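Protein chains in written order, with my numbering: chain A, 1 to 244; chain B, 1 to 244. Quick reminder that beta carbons are idealized off the backbone N, C-alpha and C, glycines included. Quantities reported herein were computed from a predicted structural model and do not represent experimental measurements. What follows is a short report on a single structure.
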DNA sequence: ACCGAAGACTGCTCTCGATCAGTCCAACAT
DNA sequence: ATGTTGGACTGATCGAGAGCAGTCTTCGGT
């Protein structure tokens, strides 16, 4: 009945626990303060103190750090259903920036709102902490990828991870998904130059594994791609690589 | 009066909040189940389901992931006062392994113990979540380091971060600290070969910045090293790079 | 007193991916 | 219709760091 039952966040948390009426209601209340942000303009800038977190309901966001020498490292992407800035509400200053990749809609969540919600429904608290743990596991996996995988496997692994995450909120499947990222985003994420990203994508395309083109990612041979990337989705704590 | 008042964890959390008598008592209770583990034998292995977390009271531990091809990426080190496996108690399986680097002492903390403690003292819960957020911020900074810094700056940055963390529990200063790591540990941490680690250490030593030798790290010129590594300790959320 | 193993260290070669210096194409503004 | 801008794409060159194949030293075991 409420719109929240079909919100991406609800869908995601349902992969972890079955939510009761009460919990859905509390979740509903967290979605009250709706905000929109335009593509390209930072929502939170590194160094400023973060007063709130957000629940992303539509669009994509990236979180990144800028180095003194100007290079940037994208740490993670947020897709619908993801929290954003959850960690930084506890630290005195935000250690990174958030930039919407397209125009987005998000619900603002103040620190007190969240703590209140947790006090009311411990199960919801556990579910949110599960999501946070999962996000951290993704950062760790990202670290491993940059440290120990070559450019091709890195790219393949990244696209598979994105696919699995999107499948959890019904925005992707084993066939592929819509993707608003540019090759520059991929470069800043994977620690490569944009030139090399281009070459890597060509290789993967020519091997018949995956195509990244015109805002869409197409998996041509999901099984072989998983094998090539040595993609083990255990860390995503989902039931399988892709749910359907 | 209690030993907990001088435990490394207490010292660390005190950098964030002043703890009351009650909170110290709860903290004391968390330290009940004392365990020891020998160097080199994994405490938790990736893939197994983690039932408990630990508070490290003495010795060093590393958490790492092994790739299918056998290479390993060390994600983080735990030094006295650090939690260990906090995140994985919520995920169904542990996504990484823990190996004591030397013989260690730790207190086992079951999931219920922790949730009980949180229910009793919300301020302690906040403090522990602060520590967890800080750990995550370190992983992020590590990611940035591997993705965007060259080998020399990476090494310098890593040693400075370790120094700051140890200073927080009074085990290091601007002059240096004792360090049981081998060059292989450094290699697996920084995504380098052990051969290259050796060369990088020589360079740093010959430039008069820092010496890593015989289980001890010596900062020769702290200021210049900070500048060289572009080390900005904001993410550690401490009052300064080193407290004294 | 000798052996074996770990860890630190070195020289040489070669590869992966960065950097430079562009082109091409589509969308949009004037 | 013509410039402008952003993103995709290419070839050539160069360098950081990997990989290999060792040596040297220290330390614990017998």
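Residue from the options whose Cα sits closest to the Cα of residue i
{"i": "residue 86 (chain A)", "options": "B:74, B:15, B:129", "result": "B:129"}
{"i": "residue 54 (chain A)", "options": "A:41, A:184, A:64, A:37", "result": "A:37"}
{"i": "residue 257 (chain A)", "options": "A:8, A:49, A:19, A:61", "result": "Here chain A comprises residues numbered 1 to 244, so residue 257 (chain A) is not present and cannot be evaluated."}
{"i": "residue 11 (chain A)", "options": "A:117, A:123, A:41, A:167", "result": "A:167"}
{"i": "residue 73 (chain A)", "options": "A:193, A:105, A:14", "result": "A:193"}
{"i": "residue 61 (chain B)", "options": "B:154, B:70, B:96", "result": "B:96"}
{"i": "residue 152 (chain A)", "options": "A:229, A:214, A:70", "result": "A:229"}
{"i": "residue 39 (chain B)", "options": "B:105, B:27, B:49, B:189", "result": "B:105"}
{"i": "residue 114 (chain A)", "options": "A:207, A:234, A:210, A:51", "result": "A:51"}
{"i": "residue 7 (chain A)", "options": "A:65, A:83, A:110, A:76", "result": "A:83"}
{"i": "residue 189 (chain B)", "options": "B:154, B:70, B:35", "result": "B:154"}
{"i": "residue 209 (chain A)", "options": "A:223, A:26, A:64, A:216", "result": "A:223"}
{"i": "residue 137 (chain B)", "options": "A:15, A:92, A:164, A:187", "result": "A:92"}
{"i": "residue 28 (chain A)", "options": "A:17, A:65, A:9", "result": "A:9"}
{"i": "residue 43 (chain A)", "options": "A:94, A:195, A:139, A:30", "result": "A:94"}
{"i": "residue 185 (chain B)", "options": "B:226, B:169, B:109, B:198", "result": "B:198"}
{"i": "residue 21 (chain A)", "options": "A:234, A:183, A:238, A:124", "result": "A:124"}
{"i": "residue 59 (chain A)", "options": "A:121, A:178, A:238, A:144", "result": "A:178"}
{"i": "residue 30 (chain A)", "options": "A:196, A:145, A:225, A:110", "result": "A:110"}
{"i": "residue 25 (chain B)", "options": "B:140, B:173, B:121", "result": "B:121"}
{"i": "residue 67 (chain A)", "options": "B:145, B:41, B:65", "result": "B:145"}
The alpha helix (DSSP H) enclosing residue i, as first and last residue numbers
{"i": "residue 204 (chain A)", "result": "194-206"}
{"i": "residue 146 (chain A)", "result": "122-148"}
Bridge partner(s) assigned by DSSP for residue i
{"i": "residue 116 (chain B)", "result": "Residue 116 (chain B) is not bridged to any residue."}
{"i": "residue 36 (chain A)", "result": "A:105"}
{"i": "residue 54 (chain A)", "result": "A:84, A:108"}
{"i": "residue 76 (chain B)", "result": "B:63"}
{"i": "residue 176 (chain B)", "result": "B:173, B:218"}
{"i": "residue 17 (chain A)", "result": "According to DSSP, which records beta bridges pairwise, residue 17 (chain A) is partnered with nothing at all."}
{"i": "residue 44 (chain B)", "result": "B:98"}
Contact with chain A by residue i, beta-carbon distance below 8 Å
{"i": "residue 17 (chain B)", "result": "no"}
{"i": "residue 227 (chain B)", "result": "no"}
{"i": "residue 67 (chain B)", "result": "yes"}
{"i": "residue 137 (chain B)", "result": "yes"}
{"i": "residue 123 (chain B)", "result": "no"}
{"i": "residue 241 (chain B)", "result": "Bear in mind that a pLDDT of 41 at residue 241 (chain B), under 50, signals an unreliable position, so the number given afterwards is only what the model happens to contain. No, no contact with chain A."}
{"i": "residue 224 (chain B)", "result": "no"}
{"i": "residue 87 (chain B)", "result": "yes"}
{"i": "residue 143 (chain B)", "result": "yes"}
{"i": "residue 13 (chain B)", "result": "no"}
{"i": "residue 91 (chain B)", "result": "yes"}
{"i": "residue 120 (chain B)", "result": "no"}
{"i": "residue 44 (chain B)", "result": "no"}
{"i": "residue 73 (chain B)", "result": "yes"}
{"i": "residue 234 (chain B)", "result": "yes"}
Within-8 Å CB hit, residue i to chain B
{"i": "residue 237 (chain A)", "result": "yes"}
{"i": "residue 148 (chain A)", "result": "yes"}
{"i": "residue 253 (chain A)", "result": "Examination of residue 253 (chain A) is not possible in this model, given that chain A is present from 1 through 244 alone."}
{"i": "residue 10 (chain A)", "result": "no"}
{"i": "residue 191 (chain A)", "result": "yes"}
{"i": "residue 230 (chain A)", "result": "yes"}
{"i": "residue 154 (chain A)", "result": "no"}
{"i": "residue 134 (chain A)", "result": "yes"}
{"i": "residue 78 (chain A)", "result": "no"}
{"i": "residue 182 (chain A)", "result": "no"}
{"i": "residue 48 (chain A)", "result": "no"}
{"i": "residue 95 (chain A)", "result": "yes"}
{"i": "residue 7 (chain A)", "result": "no"}
C-beta contact flag for residue i and residue j at 8 Å
{"i": "residue 266 (chain B)", "j": "residue 180 (chain B)", "result": "As shown, chain B starts at 1 and ends at 244. That puts residue 266 (chain B) outside it, with no answer to give."}
{"i": "residue 117 (chain B)", "j": "residue 57 (chain B)", "result": "no"}
{"i": "residue 147 (chain B)", "j": "residue 191 (chain A)", "result": "yes"}
{"i": "residue 98 (chain B)", "j": "residue 157 (chain B)", "result": "no"}
{"i": "residue 211 (chain A)", "j": "residue 202 (chain A)", "result": "no"}
{"i": "residue 77 (chain B)", "j": "residue 163 (chain B)", "result": "no"}
{"i": "residue 75 (chain B)", "j": "residue 88 (chain B)", "result": "no"}
{"i": "residue 13 (chain B)", "j": "residue 132 (chain B)", "result": "no"}
{"i": "residue 143 (chain A)", "j": "residue 143 (chain B)", "result": "yes"}
{"i": "residue 79 (chain B)", "j": "residue 165 (chain B)", "result": "yes"}
{"i": "residue 134 (chain B)", "j": "residue 236 (chain B)", "result": "yes"}
Residue range of the beta strand (DSSP E) that includes residue i
{"i": "residue 66 (chain A)", "result": "61-66"}
{"i": "residue 212 (chain B)", "result": "210-213"}
{"i": "residue 100 (chain B)", "result": "97-100"}
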